[in-house]
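Add 32 to the 1-based position in the sequence shown for the numbering used here, that's all there is to it.
For glycine and all other residues, C-beta sits at the position ideal for the given N, C-alpha and C.
Values in this document were obtained by computation on a predicted structure and should not be read as measured data.
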Amino acid sequence: MEKSNTRAQELHILWISQSEHIISFHEVVSENYEPLVFSDQNEKMMFVFEKCSHGFRIQ
33 MEKSNTRAQE
43 LHILWISQSE
53 HIISFHEVVS
63 ENYEPLVFSD
73 QNEKMMFVFE
83 KCSHGFRIQ
């Protein structure tokens, strides 16, 4: 019998408010925030560092 290595793909999500210049690692239920989904943790963190270098804050 062949083993199957199927696992659910982990989602890498941030919530961002363009108007308030805030990035959150936790879900924010507000019309000012939108979720962003990344393919992996490195891509997500590169996005965070880029946004922080342009004045965004982390919540």
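Query	Result
Burial state of PHE88 (16 or more Cβ within 10 Å)	buried
GLU66, DSSP secondary structure in three states	strand
Pair within 8 Å by beta-carbon distance, ILE55 and VAL80	yes
Contact under 8 Å by Cβ, LEU68 with ILE45	yes
Best match in MET78, HIS86, PHE57 for proximity to ILE48 [C-alpha to C-alpha]	PHE57
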